[in-house]
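Beneath this line is the structure, given in structure tokens, with notes to follow.
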Amino acid sequence: MKAAYALVTTKSDEGHSPSPSDPQLDINLPIRKPTFGPAFSDNPSCGIRVTWLGHASVLFNVDGANILCDPIFSRRCSAVQVIGPIRFRPPPCQITDLPPLDAVVISHNHFDHMDVNTMTKVGKHSPNALWCVPSGCKNFTEKNLALNEEGEKSWTQCVGSSLVGGSYSKAEGG
Numbered sequence: 001m002k003a004a005y006a007l008v009t010t011k012s013d014e015g016h017s018p019s020p021s022d023p024q025l026d027i028n029l030p031i032r033k034p035t036f037g038p039a040f041s042d043n044p045s046c047g048i049r050v051t052w053l054g055h056a057s058v059l060f061n062v063d064g065a066n067i068l069c070d071p072i073f074s075r076r077c078s079a080v081q082v083i084g085p086i087r088f089r090p091p092p093c094q095i096t097d098l099p100p101l102d103a104v105v106i107s108h109n110h111f112d113h114m115d116v117n118t119m120t121k122v123g124k125h126s127p128n129a130l131w132c133v134p135s136g137c138k139n140f141t142e143k144n145l146a147l148n149e150e151g152e153k154s155w156t157q158c159v160g161s162s163l164v165g166g167s168y169s170k171a172e173g174g
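FYI, in the UniProt record's numbering the residues of the sequence shown are 1 to 174.
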């Protein structure tokens, strides 16, 4: 009962919000749009480039291969966009701004890591990208999305694939 009361009063009390104000977020978590020019996919001098795209989304460029992890570009982390938690900050770019992707990795099936709306758009943006999804999710993704999947992977399993930047061998795990 206390939890229900707290939920109602938190949402209805003027000025009472668990999230920081926009001016505070502009100071503590500014949005900086990344640039993905033609040279982005060139091999970085150190072999790896990492770009945080907000929340759980990270774009890795490893030896010239573009690998997107846990893409979430939707306004809400929910199965539908009319309810569910709203992002504190919008993504710093649009999916169409991303360079062509070689692989997309989904770490687990929570809505803020496996967003169907985002996955659909990313699949259209990079139709030849290799998708790696967590164990138990392949049936869902095959049924609902047209993705080029490596298949399901469980803990400690690795993907073996030849990506743009080089060849990666499969390691078996238990």
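For every residue, glycine included, the Cβ atom is placed at its ideal position computed from N, Cα and C.
Note to self: In whole angstroms, give me the CA-to-CA distance for Thr118 and Pro71.
What the structure shows: Mapped onto the sequence shown, residue 118 falls at position 118. Mapped onto the sequence shown, residue 71 falls at position 71. Those two C-alpha atoms are separated by around 7 Å.
Notebook entry, point to check: When you compare each of His125, Gly84, Cys93, Ala129 to Thr51 by their alpha carbons, which one comes out closest?
Noted result: Taking the sequence shown and counting its residues from 1, one reaches residue 51 at position 51. The shortest C-alpha separation from Thr51 is found at Cys93.
Checklist line | Which listed residue (Val58, Ala39, Pro23) has its alpha carbon closest to that of Val105 | finding: Your numbering for residue 105 matches position 105 in the sequence shown. Restricting attention to Val58, Ala39, Pro23, the CA atom closest to the CA of Val105 is found in Val58.
Margin query: Starting from Pro134, trace the beta strand (DSSP E) in both directions and tell me its first and last residue.
Written below: In the sequence shown, counting from the first residue as 1, residue 134 sits at position 134. It spans 130–134 - the beta strand (DSSP E) in which Pro134 sits, taken as one unbroken run.
Notebook entry, point to check: What three-state label does DSSP hand Ala79 in the structure shown?
Noted result: Taking the sequence shown and counting its residues from 1, one reaches residue 79 at position 79. Note: Ala79 maps to coil in three-state DSSP.
Next item on the list: With a threshold of 16 other CB atoms inside 10 Å of the CB of Ser126, please say whether the residue is buried or exposed.
Entry: In the sequence shown, residue 126 corresponds to position 126, counting from 1. If you draw a 10 Å sphere on the C-beta of Ser126, you find 16 or more other C-beta atoms in it, and that means buried.
Check: Buried or exposed: where does Ala65 fall if 16 or more other Cβ atoms within 10 Å of its Cβ makes it buried?
Finding: Locating residue 65 in the sequence shown gives position 65, where the first residue counts as 1. Ala65 is buried by the Cβ-count criterion.
Margin query: Let me confirm a value: His110 is counted as buried when at least 16 other C-beta atoms fall within 10 Å, else exposed. Which label applies?
Written below: The sequence position of residue 110 within the sequence shown is 110, counting from 1. Taking a 10 Å sphere around the C-beta of His110, we find fewer than 16 other C-beta atoms and assign the residue as exposed.
Next item on the list: Select from Leu130, Thr141, Lys121 the residue whose C-alpha is nearest the C-alpha of Asp102.
Entry: For the purposes of this step, residue 102 is taken as residue 102 along the sequence shown, with counting starting at 1. In terms of CA proximity to Asp102, Leu130 leads the group Leu130, Thr141, Lys121.
Next item on the list: Flag Trp131 as yes when its Cβ comes closer than 6 Å to any non-hydrogen atom of the ligand PLP, and as no otherwise.
Entry: Although the ligand PLP was asked about, the structure shown includes no ligands whatsoever.
Check: So the alpha helix (DSSP H) Leu25 belongs to, where does it begin and stop?
Finding: As a working note, residue 25 is residue 25 in the sequence shown. Per DSSP, the continuous alpha helix (DSSP H) segment holding Leu25 begins and ends at 22–28.
Notebook entry, point to check: Among the residues of its own chain, which have a CB less than 7 Å from the CB of Pro99, if the five just before and after it don't count?
Noted result: Residue numbering aside, residue 99 sits at position 99 when the sequence shown is read from its first letter. Excluding the 5 residues flanking it on each side, Pro99 has same chain C-beta neighbours closer than 7 Å at Phe36, Phe40, Ser41, Asn66, in chain order.
Next item on the list: Report the partner residues of Ala89 according to the DSSP bridge assignment.
Entry: Locating residue 89 in the sequence shown gives position 89, counting from the first residue. The residue asked about is misnamed: residue 89 is Arg in this sequence, not Ala. Answer by DSSP bridge pairing: none, since Arg89 is not bridged.
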